[in-house]
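Report on the structure given below.
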Amino acid sequence: MDDVAISVKTKSSVERWKRMGYTNVCTTNTDLIKTHGRGIVFLVVKPHVRMAVFKELDSNSFVDTPLIVSVMNGVDVNTLESEVSLKGYPSNCGLVRLMTNLSTSVCAGASVFCTSSFLQQKKIDVIMCLMQYTGICLKIDENAFNAATAIAGCAPAFIFLAIEALADGGVLGGIDRSTSIKLATQAVMGAAKMVANLKKHPAVLKDEVCSAGGSTIYGVKELEKKGFRSALIEAVHTSTQRSSGLI
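When we follow our numbering, the leftmost residue of the sequence shown carries the number 15, and every step to the right adds one.
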């Protein structure tokens, strides 16, 4: 993977990335930019350490960089743009705010991004092209970014919980754990694929499964009684507030 260069903090991290096939791994951002600074720069750090990263680099660091992509939660484009401008970085260096999720590791991710004003379409196309290799990628308005992050970024954890709980139900019914997980996983994947491919509203598909007086509608009744739908709504809402810094 010679086209990708990475900066990490420790030598142990260097070795870990190299074991995964990445040959260009540095322990300082200065070395990274000096040696490989002609490509797209991804800022993948915790928000509270970003100024230390900027401090480490001077105004000449991004002269040959066409695009800076931030994957920092809660840092909006205007904030990043002003911080970059204060450092004297070139005005033609476009800024993108990106959030993706764990499922990109299996090329089934959901990524969203927004951009600085007047970013050239060809640079937007580059981001779309890069991220579509990892799943779907959507450009959205920044005022919806935190909510989109809660759905795309946090929802995999919610679904993992659901799969685990479905498997627990299977175990309770006498199925072994391994088989229960396989069945629950396939049921979730199949349902998601139907929504994606058939373009039907989830409620319509749910009604197609629920035959009159059948076991499914009894299960749905129990989920409604226990607040399943409301719990998911509140989970997304709370995650959105957290991303917005409100809690």
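C-beta: ideal position from N, C-alpha, C; glycine also.
If I follow the unbroken alpha helix (DSSP H) through V185, where does it start and stop? Segment 169–186, the alpha helix (DSSP H) holding V185.
Helix, strand or coil for L237, going by three-state DSSP, please let me know. For L237, the secondary structure class from DSSP, reduced to helix, strand or coil, is helix.
Can you name the start and end residues of the beta strand (DSSP E) that I165 belongs to? DSSP places I165 outside any beta strand (DSSP E), giving it a letter other than H or E.
Taking the C-alpha atoms as reference points, what is the distance between G88 and E248? Answer to the nearest angstrom: the Cα atoms are 19 Å apart.
Spell out a yes or no on whether the region 140–158 and the region 181–196 are touching, meaning 3 or more CB-CB pairs, one atom from each, closer than 8 Å. Judged by Cβ distances under 8 Å, the region 140–158 makes no contact with the region 181–196, as fewer than three pairs qualify.
In the DSSP output, which residue or residues are listed as bridge partners for K7? Limits of the chain in this structure are 15 at one end and 261 at the other, which puts residue 7 out of reach.
Do R111 and D90 have their beta-carbon atoms positioned less than 8 Å apart in this structure? With respect to the 8 Å criterion, D90 and R111 are classified as neighbours on the basis of their beta carbons.
In the DSSP assignment, find the alpha helix (DSSP H) that holds R111 and state where it starts and stops. Following the DSSP letters along the chain, one finds R111 in no alpha helix (DSSP H) but inside the beta strand (DSSP E) bounded by residues 108–113.
Can you pull the DSSP bridge partners for I20? By DSSP's assignment, I20 forms a beta bridge with V39.
Using alpha carbons as the reference points, say which of I195, A158, F132, L186 lies closest to L175. Restricting attention to I195, A158, F132, L186, the CA atom closest to the CA of L175 is found in I195.
Would the beta-carbon of T254 fall within 8 Å of that of A122? 8 Å or more divides the Cβ of T254 from the Cβ of A122.
Reference T42; option with closest CA among V83, I82, R52, E70: When each option's Cα is compared against that of T42, the closest is E70.
May I ask you to list the residues that DSSP assigns as paired with F56? For F56, which the question treats as bridged, DSSP gives the partners V83.
A210: which of I150, N157, T118, I154 sits nearest, CA to CA? For A210, the closest alpha carbon among the candidates I150, N157, T118, I154 is that of I150.
Taking buried to mean at least 16 other C-beta atoms within 10 Å of its own C-beta, is L186 buried or exposed? Here L186 is exposed, its C-beta having fewer than 16 other C-beta atoms within 10 Å.
Is the beta carbon of L46 sitting closer than 8 Å to the one on M86? No, these two residues do not count as a Cβ contact at 8 Å.
Just to check my reading of the structure: L246 and F172 have Cβ atoms closer than 8 Å, yes? What is that Cβ distance to the nearest angstrom? The C-beta distance from L246 to F172 rounds to 7 Å, short enough to meet the 8 Å contact threshold.
Best match in R191, S125, N115 for proximity to C168 [C-alpha to C-alpha]: Here the closest residue by C-alpha is N115.
Whole-angstrom distance between A19 and W31, CA atom to CA atom: Approximately 10 Å, taken between the alpha carbons.
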